[in-house]
Each structure stands twice: as structure tokens, then as C-alpha cells.
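So the structure is just underneath, and the comments pick up after that.
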Amino acid sequence: MSQRFEFPSIHNFSPFYTQQVTQTTLQNQIVLWSEIILSYFRHHKLYRLELSEALNGELFKNQGIKRRLKLETLQIIIDHMVKQGTAEWDSPPSKNAALIYWRKPEEWASLIDKWVFDCGLNNSIVTLYEILHGESSEGMEFHNLNQTILLKALDILVKRGVAQLLQGSSADDLGVKFFGING
Amino acid sequence: MNSRRVGITGLRRKQAANDHFSKVGSNYEKKQIEQLKVKLETLKSNLEEFARKHRKDIEKEPKLRTHFSKICANVGVDPLLSNKGFWAELLGYGNFYYDICVQIIEICRSTRGRNGGLVELGELKRQLTKKRSSSQEISEDDIVRAIKTLKPLGNGFEIIQIGDRKMVRSVPRELNSDQSNVLVLAQEKGYVTKYMIESELGWGMERINDVIDTLLADGLCWIDEQADPIEYWVPSFFKGVDD
Chain A
1 MSQRFEFPSI
11 HNFSPFYTQQ
21 VTQTTLQNQI
31 VLWSEIILSY
41 FRHHKLYRLE
51 LSEALNGELF
61 KNQGIKRRLK
71 LETLQIIIDH
81 MVKQGTAEWD
91 SPPSKNAALI
101 YWRKPEEWAS
111 LIDKWVFDCG
121 LNNSIVTLYE
131 ILHGESSEGM
141 EFHNLNQTIL
151 LKALDILVKR
161 GVAQLLQGSS
171 ADDLGVKFFG
181 ING
Chain B
1 MNSRRVGITG
11 LRRKQAANDH
21 FSKVGSNYEK
31 KQIEQLKVKL
41 ETLKSNLEEF
51 ARKHRKDIEK
61 EPKLRTHFSK
71 ICANVGVDPL
81 LSNKGFWAEL
91 LGYGNFYYDI
101 CVQIIEICRS
111 TRGRNGGLVE
121 LGELKRQLTK
131 KRSSSQEISE
141 DDIVRAIKTL
151 KPLGNGFEII
161 QIGDRKMVRS
171 VPRELNSDQS
181 NVLVLAQEKG
191 YVTKYMIESE
201 LGWGMERIND
211 VIDTLLADGL
221 CWIDEQADPI
231 EYWVPSFFKG
241 VDD
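Heads up: the protein sequence lines correspond to chains A and B, in order. Residue numbers are given in UniProt numbering: position 153 of the first sequence equals residue 153, and the series is strictly consecutive. Residue numbers are given in UniProt numbering: position 97 of the second sequence equals residue 97, and the series is strictly consecutive.
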């Protein structure tokens, strides 16, 4: 894996793992947690949060001070992030997993749009696989992006009228046609 | 009749003497004021010359700055308050403290939700230094000075003593003595439990619950329910909590 993530000091503050009883303090706690989640996910290039599984990982479980965040508290935090547009529940109304948007789908869409232009891929058909794992997208930030998020980004490009989705025989075969600059 | 005339003359004479005395007196006063004015002018111009000569050192050396500010204050010149004009121009002083004030307000405001508006002076200094990223060293004295200039704004900035620590309070709220006592107790470990309060301060549970409730409500304490017994942490005493 990539370099270790440097947690901020408050990650070692024991009460940070208890849902605070005072409203203003709780609001602040939620904001601090969402900031940590976003930078942790950005650092490790992660996109999807499985809540119960993550509660046993280093992000929400601090071995050093023997504290762990509770599921209900994490759900409240994600709810806040959803409101902020920095997360989305993966299959609501269940709150077991969420997509984490350290870049919003709109931003991913713009990055892809620019890449298409830079590579001269206008008017050609590209498969999702090529966008996510192909040689030409290597070094791009969206290389290895979560597929659900990619589809959301492409959907935005479709709505903008610059791309069209083409059904293939399987999900990986799904293609996109990017229109020309004047098309 | 005779005695009456004498009386009037006497009074008139007395009056004349009084006038004379007060004339001499006010002359003397005037002279003294005149002299003092000259002395002050000399002192002021000496200070100015000193400031001009050692401006860099004054800016760089917190200790020198403290002494210099004290002398200025004694002569009735406040280099902090005179934002415009000669002193500020000469020293860039107004700007120096103005910047610190703005930065203090920013730090206190952005950390208020975490610490309930209470920051330790040393911690504030550390954060200021980090924020300023200039080579210019600032002392706790500079911070105290800056905070004093914030007082007229009436936004509650004040330095209070809690146990052996100086804390900067940025919310207009007084700590009652029970709260202060618990905060002093929390200094040692960074937290208190109800039992610690009971055994150290000898209070009954009702009083303990009251003070804990208000500390939590004011955001000065965070609760840790995963500890047994439950611990009440004071974020202001937790190093690096605001990073």
C-alpha cells in the first residue's frame, strides 16, 4: 500500500470516539471526522466505505488508546457528508456502505472530459475498462476509480451532451462515445 | 464701624495676597509643566531615535519589544493604539499587533467548537507561530498585549488564570468557581472523573453532576463513555488538539 496516513492529533483524543452529548460539540466532532475520512480516502485512493468492516480498521479503531467509533455515530457522520455532497449512501435506505467523494462526480467528469480532449479521443468509442484500467489513463487521477462513481461522472457528461453510453454485452464492455469538439 | 472698615481692608488685603499667591503658583505650575514638556519631548525624541536605530531588533527580539513597550506606556505613548501616525509608521508596530490580533481571532474562532472557546496561552503561541511562518519570533507577552487591545471590542477576549496555566478565553462567559476548580483538577491528567472530583474536592454527587453538565454544555469538556468510569476530557489541555 501507499505511504502511511498521518492522522491528526485529535485522532488520539479518547472522547473523539464517543458521540458527544452537546449539540455544538457534536457538530464539530462530525465535521472533524468527515475531514479525516476525506483525507484518508484521498490519501489511499479509496472510494467505497463498508461501515461495519471499516470500524475495525485503523481509521475508526485506535489501538493505541483502545477506542473505537460506534456504528450509529459513523452513520450520523456519513449522513452529514451526504448533506455536504461529499458522500452518498451506496444503496439507500440501507446505511451499510457509502461512496466517498473526495472529488465530486462533477469533478471526475471534468477530469475525464479533459483527458478525452488531450488524448484526441473525441468521436471515438472507449470502453469503461480502458478509462479505468487502460494504458492511456495511467497516471490519471481517475485511473482505478470506483466504477459506480465513474458511471455517475459519465452520466453527467451525457447530460451535458458531450458523451453517449453504448451498451455492451457485460458491464466491462460498456462503452462511451465522446462527441467531437463541435459535435 | 471702625472694626468693620478694618475688616473690609483686611479682607481686601487678604484677597490681594491670595491673588498674588495664586499668580505665582500658576506661574510656577506653568513653568513646571513647561519643563516637563521639554523633558518629555526629549524623552520622546530619544525613544524615536532609539526606535529608528533599532527597529529591526525591536521587531525581532520579543524581550526588547517588551521593555520598549513598557517605557512607551510609561511616557503615555502607546505604540499599539496609535495605528496611524508617527509611531506606527516608524515601527510598523500597529500592523504587527494588528496582524497578531486578526490571527488570534481566526484561531480562536476556528477552534471554538472543539475547545469551548478556551485555549492555553502556550498552545495559542504555537499555533500563531505555525500560522505566521515568518522568521519573526513572537512571545507570550506579545499575545497578552494584543489581546488587551481586543478588549474594547467587547467580544470577550480575555486572559484568565486556571491553576498554573494562563488560558485565553474567546467567549463572553464567566467561569464559576466550581468550573474553575474542576478545570484545575483536570490539568494533571487532561481529564476528570466524578470520583476524582468527589475525593479531591469532597463535593456531593448533585454538585458534581451540576458542574459536569455545565462544562459539557459549554463545550469545555468532552465525554468519553468508553472509559470506565466515564472520563470528562478538557480539549484545551490536550496537546495538538487543534491541529
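In this text, a Cβ means the ideal position worked out from N, Cα and C, and glycines have one as well. Model, not experiment: these values are computed from the prediction.
Contiguous alpha helix (DSSP H) assignments of at least 4 residues, all confined to the stretch 144-203 of chain B: 177-186 and 194-201
Residue from Glu72(A), Tyr47(A), Gly64(A) and Arg42(A) whose Cα sits closest to the Cα of Ile55(A): What you label residue 55(A) is simply residue 55 of the first sequence in a count that begins at 1. Checking the sequence shown, residue 55(A) turns out to be Leu, not Ile. Among Glu72(A), Tyr47(A), Gly64(A) and Arg42(A), the Cα nearest to that of Leu55(A) belongs to Glu72(A).
Cβ of Gln164(A) within 9 angstroms of any chain D Cβ: No chain D is part of this structure, whose protein chains are labelled A and B.
Contact the stretch 132-144 of chain A vs the stretch 158-165 of chain A: 3+ CB pairs below 8 angstroms: no
C-beta atoms of Ile100(B) and Ile143(B) nearer than 9 angstroms: Start at 1 with the first residue of the second sequence, and residue 100(B) comes out as number 100. Start at 1 with the first residue of the second sequence, and residue 143(B) comes out as number 143. Contact flag set, yes.
Chain-ordered chain A contacts of Glu231(B) [CB-CB under 8 angstroms]: Counted from its first residue, the second sequence places residue 231(B) at position 231. Ser14 and Pro15, listed in chain order.
Cut-off 7 angstroms between Cβ atoms - residues of its own chain near Ser110(B), not counting five sequence neighbours on either side: As a first step, residue 110(B) must be located in the second sequence, where it is residue number 110. Nothing meets the Cβ criterion.
Outcome for Asn28(A) when other beta-carbon atoms lying within 10 angstroms are tallied against a minimum of 16: For the purposes of this step, residue 28(A) is taken as the residue at position 28 of the first sequence. Classification for Asn28(A): buried.
CB contact below 9 angstroms: Pro152(B) versus chain A: For the purposes of this step, residue 152(B) is taken as residue 152 along the second sequence, with counting starting at 1. No, Pro152(B) does not count as interfacial toward chain A.
Same chain, Cβ closer than 8 angstroms to Glu88(A), five either side skipped, listed in chain order: Here residue 88(A) is taken as the residue at index 88 of the first sequence, counted from 1. For Glu88(A), where only same-chain residues beyond five positions count, the Cβ hits under 8 angstroms are Val82, Ala98, Leu99 and Tyr101.
For Glu138(A): DSSP bridge partner residues: Taking the first residue of the first sequence as 1, we reach residue 138(A) at position 138. Glu138(A) is not bridged to any residue.
Contact list for the stretch 52-68 of chain A against chain B, Cβ threshold 7 angstroms: Arg67
The stretch 203-213 of chain B in contact with the stretch 145-159 of chain B per 3-pair CB rule at 8 angstroms: no
Listed by chain order, chain B residues near Ser20(A) by CB distance under 7 angstroms: The residue you call residue 20(A) lines up with position 20 of the first sequence. First, the amino acid is wrong: residue 20(A) is Gln here, not Ser. Neighbours of Gln20(A) on chain B, chain order: Trp222 and Ile223.
Same chain only: Cβ atoms within 7 angstroms of Leu154(A), ignoring 5 sequence neighbours per side: As a working mapping, residue 154(A) is identified with position 154 in the first sequence. Closer than 7 angstroms at the Cβ level, and outside the excluded window around Leu154(A), lie Ala163, Leu165 and Val176.
Cα-Cα separation between residue 280(B) and Asp228(B), rounded to whole angstroms: Beyond the ends of chain B as shown, which are 1 and 243, falls residue 280(B); an answer cannot be given.
Option in Thr24(A), Gly57(A), His44(A) and Asn62(A) with minimal Cα separation from Ser9(A): The sequence position of residue 9(A) within the first sequence is 9, counting from 1. Measuring from the Cα of Ser9(A), the nearest candidate turns out to be Asn62(A).
Leu27(A) - DSSP class collapsed to helix/strand/coil: Here residue 27(A) is taken as the residue at index 27 of the first sequence, counted from 1. The sequence given here has Gln at residue 27(A), not Leu. Here Gln27(A) sits in helix by DSSP.
Member of Leu26(A), Lys152(A) and Phe7(A) whose CA lies at the smallest distance from the CA of Asp90(A): Sequence index remark: in the first sequence, residue 90(A) carries index 90 (1-based). Minimum Cα distance to Asp90(A) is reached at Lys152(A).
Any chain A beta carbon closer than 9 angstroms to Pro235(B): One-based indexing of the second sequence puts residue 235(B) at position 235. Yes - at least one Cβ of chain A is within 9 angstroms of the one on Pro235(B).
Bridge-paired residues (DSSP) for Tyr232(B): For this step, residue 232(B) is matched to residue 232 along the second sequence. In the DSSP output, where bridge partners are listed per residue, Tyr232(B) has Val192(B) and Ile223(B).
Cross-chain neighbours of Gln75(A) in chain B, by beta carbon under 7 angstroms: Here the question's residue 75(A) lines up with position 75 in the first sequence. None at all; the shortest Cβ gap to chain B is about 17 angstroms.
Beta-ladder partner(s) of Asn62(A), from DSSP: As a position in the first sequence, residue 62(A) is number 62, starting the count at 1. Asn62(A) pairs with Arg67(A).
Where Gln27(A) meets chain B, residues with beta-carbon distance less than 7 angstroms: The residue given as residue 27(A) occupies position 27 in the first sequence. Within chain B, the residues near Gln27(A) are Gly113.
Top-ranked residue by Cα proximity to Phe5(A), from Pro15(A), Leu46(A), Ile125(A) and Thr22(A): Position 5 of the first sequence holds residue 5(A). Looking at the Cα atoms, Leu46(A) is the closest of the given residues.
Nearest residue (CA-CA) to Arg169(B), options Leu121(B), Pro62(B) and Ile33(B): Residue mapping note: residue 169(B) aligns to position 169 of the second sequence, counting from 1. Residue Leu121(B) is the option with its Cα nearest to Arg169(B).
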